[in-house]
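In order, the protein sequences belong to chains A and B.
Residues in the first sequence are numbered consecutively from 2, following the working numbering.
Residues in the second sequence are numbered consecutively from 2, following the working numbering.
Each residue gets a CB set at the ideal place from its N, CA and C atoms; glycine is no exception.
Worksheet: one structure, shown below.
Protein chains: 2
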Amino acid sequence: MEILTSQSTFVLSDELLEKMDAYWRAANYLSVGQIYLYDNPLLKAPLQLSHVKPMVVGHWGTSPGQNFIYVHLNRVIKKHHLNMIYISGPGHGGPALVANTYLEGSYSEVYPDISEDEQGMKKLFTQFSFPGGISSHVAPSTPGSIHEGGELGYSLSHAFGAVFDNPDLIAACVVGDGEAETGPLATAWHSNKFLNAKSDGAVLPILHLNGYKISNPTLLARIPHEELEQFFRGCGWKPYFVEGFEAGDMHRKMALAMEQAINEIRTFQKNAREKGDDKRPLWPMIILRSPKGWTGPKSVGGLKNEGTFRSHQVPIPVDQAHASNVELLEQWMKSYRAEELFDQNGRLISELAELCPTGDKRMGANPHANGGLLLREIRLPDFRNFALQISSPGSVQGQGTVTLGNYLSGVIKLNGKNFRIFGPDETLSNLLGAVFEVSDRQWDAQVMEEDEFLSPSGRILDAQLSEHQCQGWLEGYLLTGRHGMFNSYEAFIRIVDSMFSQHAKWLKVTRELPWRRDIASLNYLLASHVWQQDHNGFTHQDPGFLDHVASKKADVVRLYLPPDANCLLSVMHHCLGSKNYVNVVVAGKHPLPQWLGIKEAEIHCAQGIGIWQWASNDQQSGPDIVMASCGDTVTLELLAAVSILRKHFPELKVRVVNVVDLMKMQSELEHPHGLSDADYDSIFTLDKHIIFNFHGYPWLVHRLSYKRANRNLHVRGYIEEGTITTPFDLRVQNKIDRFHLVIEVIDRLGNLGSKGDYLKQQLQDKLLEHKHYVQRYGKDMPEIAGWLWGE
Amino acid sequence: MEILTSQSTFVLSDELLEKMDAYWRAANYLSVGQIYLYDNPLLKAPLQLSHVKPMVVGHWGTSPGQNFIYVHLNRVIKKHHLNMIYISGPGHGGPALVANTYLEGSYSEVYPDISEDEQGMKKLFTQFSFPGGISSHVAPSTPGSIHEGGELGYSLSHAFGAVFDNPDLIAACVVGDGEAETGPLATAWHSNKFLNAKSDGAVLPILHLNGYKISNPTLLARIPHEELEQFFRGCGWKPYFVEGFEAGDMHRKMALAMEQAINEIRTFQKNAREKGDDKRPLWPMIILRSPKGWTGPKSVGGLKNEGTFRSHQVPIPVDQAHASNVELLEQWMKSYRAEELFDQNGRLISELAELCPTGDKRMGANPHANGGLLLREIRLPDFRNFALQISSPGSVQGQGTVTLGNYLSGVIKLNGKNFRIFGPDETLSNLLGAVFEVSDRQWDAQVMEEDEFLSPSGRILDAQLSEHQCQGWLEGYLLTGRHGMFNSYEAFIRIVDSMFSQHAKWLKVTRELPWRRDIASLNYLLASHVWQQDHNGFTHQDPGFLDHVASKKADVVRLYLPPDANCLLSVMHHCLGSKNYVNVVVAGKHPLPQWLGIKEAEIHCAQGIGIWQWASNDQQSGPDIVMASCGDTVTLELLAAVSILRKHFPELKVRVVNVVDLMKMQSELEHPHGLSDADYDSIFTLDKHIIFNFHGYPWLVHRLSYKRANRNLHVRGYIEEGTITTPFDLRVQNKIDRFHLVIEVIDRLGNLGSKGDYLKQQLQDKLLEHKHYVQRYGKDMPEIAGWLWGE
């Protein structure tokens with residue numbers, strides 16, 4: 002493989018160096034200004050305490066380093082005509098990114114009020130860490146960002162997600178050395194084994210070793226150089242080191258390292274694209290070791306500040322109690338010589354403004370960082386073509402995810418490089434294997450003879466066992482304007498509880514920003530769910546992600562529990578076509594009776610909740626009891642219970658309700674999908690007993706419906722019982738089985754007389770008999786496993 | 002540093018090799034038997050389909066490799082008199098660990114019914130992956146285990162947690178190459194920067210590269226040898242490679258590698274302990290590259306099996322549909338020559354049994370793996386000595402975590418090596434800094450001049466920014482019989498949602514195992530909570546961990562929200578002394594008015610809920626309204642509201658209730674701390690309006706109390722509003738502030754006449770005035786920030 006080694010002698014001219022240094026000073030000046038100043042932004046007047054914010058908060062430590070990186074990225078973007086986005090991993094780089102996008106003009110284009118003049122600069126400063134203003138980390142409100150600071154760990158997987166299927170894009174990803182200690186980031190270095198140099202873009206990681214986290218040193222800054230280099234070579238990267246503190250020296254080193262890195266990226270891509278070289282490249286990365294709080298005060302109050310953890314937040318306290326520090330602050334700010342950088346009106350002088358790329362090449366204006374701008378609609382096949390034929394309810398057995406797999410392979414075929422499936426090596430186990438008939442898994446490490454479905458260019462990313470990576474990649478992919486889905490075991494999606502929360506927060510906030518365009522929803526398919534774990538048992542049982550998601554803002558989250566395969570098709574079709582939501586779809590993979598033909602399924606899913614007339618017998622009179630369910634396994638048991646009830650008590654009027662869209666249970670005032678009280682009451686009645694068989698924890702249904710009039714709601718669901726056992730016995734242990742349901746109906750109604758007592762006794766005997774059978778034979782009694790509707 | 006290099010020429014004798022190989026065959030035989038056999042355990046009769054389980058499930062792939070490791074660990078334990086535990090990282094190594102503990106006799110000691118004879122072996126086989134039996138991963142029921150398979154990622158941090166302060170202990174930690182791809186495991190390699198060779202034990206990681214996960218190859222098995230070695234050297238380990246498949250060759254290599262590793266561990270420890278060498282050692286690790294499903298069928302149905310992903314679960318299907326495979330199974334099982342290994346009664350022959358260590362040296366009987374056996378009670382100082390003096394409610398401002406920090410330093414002083422504090426670099430930020438007056442942070446990487454509180458022997462592990470590591474280390478520390486606490490930002494504890502779940506599951510299951518002894522509770526202190534985030538904003542706001550924890554089994558979880566510093570002292574004192582729980586304590590760090598003297602706090606916390614008579618005026622007549630709160634900030638606002646109400650409506654009878662122990666809200670039938678209905682009703686009344694100001698999401702209170710008689714419960718709490726703003730404005734945006742509370746009381750009562758209407762208008766004006774003030778000055782109106790009770 003040819004590398005243009007001539008480039009490694011690249012020397013930054015003194016003139017350009019001076020200009021870049023001046024630009025860097027401008028960004029640093031704006032960063033300090035944001036943290037401190039309320040007025041007098043250009044320091045035209047001597048600085049007074051009244052010019053300083055009443056409450057000075059924010060983070061300085063990472064900002065100068067990121068400003069340094071930004072100006073150097075600008076240089077290579079211009080020189081090499083790069084298409085580049087900037088991902089700011091460190092928790093609190095807000096001042097830096099805001100400063101840079103302001104300098105390049107992209108900030109004022111989005112926020113015209115923050116104009117490129119003294120008045121605008123004043124507003125820029127004031128809004129930072131100010132009530133109603135902007136946070137000290139990079140946020141949705143920051144132009145050019147697809148990655149929020151705050152919670153750490155996901156920058157690198159976001160960067161990879163962004164460049165998948167974007168062959169011209171380079172994601173420059175600044176990884177803080179604090180963030181690098183998190184688990185998700187630590188494993189994200191291996192993302193390079195999933196990148197295709199031919200059809201994907203590149204990630205340029207810049208590890209920013211500034212040596213400290215909040216108050217501790219960082220691990221990677223405190224191991225020998227040799228170990229650090231071995232670590233990254235072991236992760237498959239070629240590190241370029243840029244280390245020091247003297248500005249001129251550092252500019253030269255950084256410029257050289259950037260040249261080398263860009264040159265290598267280009268060469269690898271050329272080799273792959275023009276020469277068909279499909280060996281995994283040793284991609285370049287940069288390790289920037291610079292002082293924390295670089296260019297800040299050397300010491301404050303007798304304690305060293307620049308280069309220590311003390312520069313993490315506000316280096317110099319300035320307030321009533323520290324009024325004399327105003328002078329120190331002024332001295333510090335004046336060290337940047339703003340008068341040389343901005344004209345009298347507060348605008349960056351043109352000589353420096355010329356250093357910026359222009360138009361969409363500015364990282365604050367790159368459309369990939371506002372993915373909705375680039376979004377192409379997903380093309381969806383007609384889901385009806387993948388339907389199971391159902392002659393009558395319960396007459397056919399089907400497996401939800403198997404049916405869905407066929408549909409998903411149709412989606413893959415139609416969407417070229419606009420759709421991907423993500424999973425932690427569970428796609429086959431979740432029985433979505435049909436997708437491998439149309440696409441491989443993307444994989445760029447070694448392949449051996451017995452391997453299946455691996456190639457450098459697959460549509461499916463499921464070959465790393467890391468839910469964090471799946472979630473991070475998918476988020477990056479969606480945020481840059483594409484479509485996708487994450488399939489996971491239901492229990493282990495909890496691993497990304499916190500990542501989901503942060504993405505939901507991102508979506509909530511972006512909805513309030515008119516310039517942020519719609520992006521595709523994040524779709525979860527939770528398969529291999531709680532109700533059948535066979536040899537896995539208790540560790541694999543957890544339906545609580547539903548509760549977690551339901552706690553988020555109603556305009557962002559949607560929860561679907563289709564009762565059978567055709568409903569699953571209809572629901573997933575809907576989700577894949579939606580925007581700006583997080584959709585959670587729960588579906589099993591094991592054979593279950595099927596209920597609805599595809600037409601009925603479509604109507605039922607569109608309504609989200611409905612009375613199943615074919616299973617009900619209260620049409621003339623209204624019900625004596627309402628039997629409701631939400632989820633696949635629990636619907637089977639509910640219908641079996643109804644079947645028993647109707648056989649033994651033909652005069653009993655039973656209404657059967659099925660819920661697909663869980664948020665229907667909530668009030669319309671709280672969720673856009675919620676039923677009005679009138680609709681709810683017409684389905685559930687005002688006072689009849691409702692036996693509700695729910696897939697997850699029962700209290701979720703209670704809490705969604707707690708304001709409804711009918712207080713006779715009795716919810717069954719998963720109550721953390723059972724482990725290694727048969728499918729039916731697990732239901733019995735959690736009391737969602739047909740027998741417990743019928744017994745509850747008998748107890749609740751209390752008016753079924755001796756016939757009721759007799760049946761109850763029979764069912765209790767049956768439960769005992771089943772228990773003994775399972776203990777003896779290790780499987781369910783055949784007549785239970787084989788039950789069909791109406792028998 | 003001296004390494005006894007003579008040992009590197011160690012050669013395993015042929016005789017011992019033969020015996021170890023035979024022992025390995027015995028363990029493999031028992032592993033296969035567990036997966037398949039229902040009867041005929043010694044294959045005395047020709048194998049029939051009826052001898053095979055009706056439903057064959059389980060995992061073979063990892064088992065032979067782990068059996069291989071176990072027999073080699075046994076050798077070094079015996080030879081070097083080691084004190085060693087075995088941590089099985091791969092998801093499904095159950096058959097191996099059960100087989101080995103059975104062979105060494107520790108299994109039958111715990112489960113006498115599974116005796117060391119043919120009858121016992123039959124039961125051993127039957128129970129595996131059988132209803133009511135044991136899971137296919139290592140579980141609490143497995144003797145010698147502190148680590149459950151199932152969810153992956155935590156083996157290495159558990160291992161480190163186990164050896165902290167256990168200088169003689171070695172944790173042999175088998176890391177599966179699938180698990181190695183998870184984030185938590187990836188960053189856990191860096192745990193070696195926190196280990197003190199002098200006062201801690203050692204971890205011997207054994208990376209088991211068997212090449213496949215479920216259906217994909219693994220990353221670390223598919224990168225060049227050079228990268229793999231660099232990776233681990235970069236992580237600070239010295240890897241010994243044991244690669245191959247031929248048994249004799251592999252035994253010799255493994256024995257040599259183990260000798261070298263143990264020798265190095267001993268040498269490092271000697272240097273540290275006798276020569277005072279405190280340089281971070283390059284600890285040894287072993288990389289075992291062996292075929293997945295080693296010794297299993299070479300191929301099945303024409304497809305290669307041993308050495309491929311196809312050996313992950315059950316290699317040969319044997320059931321009615323595959324009846325002819327019985328022969329293949331028999332052939333496979335006979336390849337282990339059980340007749341040479343077990344006597345006629347089914348007992349391991351003495352020549353092989355001699356290979357096991359004896360007594361507590363057997364890994365299945367090591368007391369460290371049943372930590373309660375070693376538990377020494379924690380010594381707690383008198384928390385009353387750390388109390389704030391409160392002359393009257395609201396007269397003093399205090400900071401909860403600052404007060405707690407003093408107490409915790411007292412705990413550290415009293416407990417030598419029996420207590421540790423864990424945190425992700427947030428201990429100072431959570432204002433627990435007093436602990437650093439009595440202990441450093443443990444840190445074994447480079448130290449520089451400006452660093453604070455770092456040394457190789459600290460009691461506080463807060464220098465890695467990883468919640469996963471904190472949780473994993475603490476779990477390992479507790480499970481081996483010590484005490485500890487995890488302090489975290491409230492929002493980011495969600496990162497370990499799933500780890501918490503698995504630990505809670507472990508606790509639930511161990512309570513049902515009489516031989517598992519009580520261990521100390523896992524205590525969370527969630528500080529820097531949702532109600533004051535200043536410059537951090539929305540990403541740092543999430544009180545939902547409470548909801549998550551509340552969904553677990555009631556006999557395991559406890560949630561405490563002390564309203565002030567003295568209550569925090571009392572609560573934490575209680576938690577630190579408790580056993581077998583997960584305690585979650587939420588407390589702020591910012592100055593707030595204090596309410597209770599230490600005596601009152603102690604009584605209040607012991608009750609968990611109470612009417613605050615000093616704030617109520619309904620003593621004579623019963624209340625017109627009940628004003629309740631749970632949490633520190635919300636209690637301040639509630640009391641301020643009550644103060645306004647009592648000033649403006651002196652005739653209104655207000656009852657003030659404070660909840661410390663959230664589970665009091667639940668019924669006694671659902672939680673051991675729950676109030677009886679009678680007690681609940683006597684506090685909250687049957688029908689009066691209850692305005693409940695809650696720290697977290699409001700629906701949690703609704704769901705805990707949904708079966709209570711009084712339906713007039715109106716809960717306020719965090720509703721996901723607000724970001725960068727002032728503390729009071731955040732409360733206003735979420736409507737938990739005093740003004741919204743009073744307005745709700747006026748609206749709910751509806752009988753306060755024109756005086757009520759007038760006050761409502763005044764308060765609405767006040768809210769508007771405050772909003773403008775905040776926007777203008779960036780801080781709260783001073784008279785609000787400075788409010789004291791009774792004004």
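Query: Are there 16 or more other CB atoms within 10 angstroms of the CB of A:Met449, so buried, or fewer, so exposed?; Result: exposed
Query: Quick check: is the beta carbon of A:Asp535 nearer than 7 Å to any beta carbon in chain B?; Result: yes
Query: Interface residues of chain B around A:His323 at Cβ under 8 Å?; Result: What A:His323 touches in chain B: nothing, since even the nearest Cβ is about 16 Å away.
Query: Just confirm the distance between the C-beta atoms of A:Lys590 and A:Gln400, as a whole number of angstroms; I'd bet it's less than 8 Å.; Result: 6 Å
Query: Hey, could you find the ends of the alpha helix (DSSP H) A:His252 is sitting in?; Result: 248-276
Query: Pairs of beta-carbons, one from the region 253-263 of chain A and one from the region 64-79 of chain A, closer than 8 Å: are there three or more?; Result: yes
Query: Mind pulling the chain E residues with CB within less than 7 Å of B:Thr636?; Result: Included in the structure are the protein chains A and B, with no chain E among them.
Query: My assumption, with CB atoms under 8 Å, is that B:Ala100 sits in contact with B:Ser32. Please give the rounded CB distance.; Result: 5 Å
Query: Within 10 angstroms of its Cβ, does B:Tyr490 collect 16 or more other Cβ (buried), or is it exposed?; Result: buried
Query: I'd like to know whether the C-beta of B:Val775 is nearer than 7 Å to at least one C-beta of chain A.; Result: yes
Query: I'd like to check one pair, B:Val658 with B:Ile612: are the Cβ atoms closer than 7 Å?; Result: yes
Query: Determine the chain A residues that contact B:Cys236 at a beta-carbon separation under 7 Å, and present them in chain order.; Result: Phe232
Query: Applying the criterion that 16 or more other CB atoms from any shown protein chain within 10 Å of the CB defines a buried residue, is B:Glu721 buried or exposed?; Result: buried
Query: Threshold first: 3 residues or longer. Then list the beta strand (DSSP E) segments lying entirely within the region 503-573 of chain B, N to C.; Result: 523-528, 558-561
Query: Write down the C-beta distance between A:Glu797 and A:Pro91 rounded to the nearest angstrom, noting that I regard them as a contact closer than 8 Å.; Result: Outside the displayed range of chain A (2 to 792) lies residue 797 of chain A, so it cannot be described from this structure.
Query: Would you call the region 12-30 of chain A and the region 331-341 of chain A in contact, with 3 or more CB pairs under 8 Å?; Result: yes
Query: Using a Cβ-Cβ cut-off of 7 Å, state whether B:Pro240 counts as contacting chain A.; Result: no
Query: List the residues of chain B whose Cβ lies closer than 7 Å to the Cβ of A:Ser552, in chain order.; Result: Gly545, Asp548, Tyr698
Query: According to DSSP, is A:Trp190 helix, strand or coil?; Result: helix
Query: So if DSSP puts B:Gln390 in a beta bridge, which residue, or which two residues, is it bridged to?; Result: Paired residues: none, contrary to the question.
Query: Is it buried or exposed for B:Pro218, if we count other Cβ within 10 angstroms and need 16 for buried?; Result: buried
Query: Keeping to the same chain, check which residues put their C-beta closer than 6 Å to that of A:Tyr408; ignore five residues upstream and five downstream.; Result: Phe384, Phe387, Leu570
Query: If A:Lys20 sits next to A:Leu356, beta carbons under 8 Å apart, how far is it from one beta carbon to the other, in whole angstroms?; Result: 6 Å
Query: Just checking, does the region 437-451 of chain B make contact with the region 408-421 of chain B on the three C-beta pairs under 8 Å criterion?; Result: yes
Query: Could you list which residues in chain B have their beta carbon closer than 8 Å to that of A:Thr296, in chain order?; Result: Simply none; closest approach about 18 Å.
Query: Report all residues from its chain with a CB closer than 7 Å to the CB of B:Gln8; omit the five preceding and five following residues, and keep chain order.; Result: Unreliable placement is indicated for B:Gln8, whose pLDDT of 49 sits below 50; the coordinate value is still reported in the next sentence. Here the set comprises Glu260, Gln261, Asn264.
Query: In the DSSP assignment, the alpha helix (DSSP H) including A:Lys239 goes from what residue to what residue?; Result: Not the alpha helix (DSSP H): A:Lys239 falls in the beta strand (DSSP E), residues 238-244.
Query: Along the alpha helix (DSSP H) that carries B:Ile747, what are the first and last residues, could you check?; Result: 739-750
Query: Alpha carbon to alpha carbon, what distance is there between B:Gly145 and B:Met364?; Result: 6 Å
Query: Between which two residues does the alpha helix (DSSP H) carrying A:His73 extend?; Result: 64-81
Query: Shorter than 7 Å from the beta carbon of A:Asn567 to some beta carbon of chain B?; Result: no
Query: Run through DSSP, which three-state label would A:Val99 get?; Result: helix
Query: Would A:Asn524 and A:Asn488 be called neighbours here (beta carbons separated by less than 7 Å)?; Result: no
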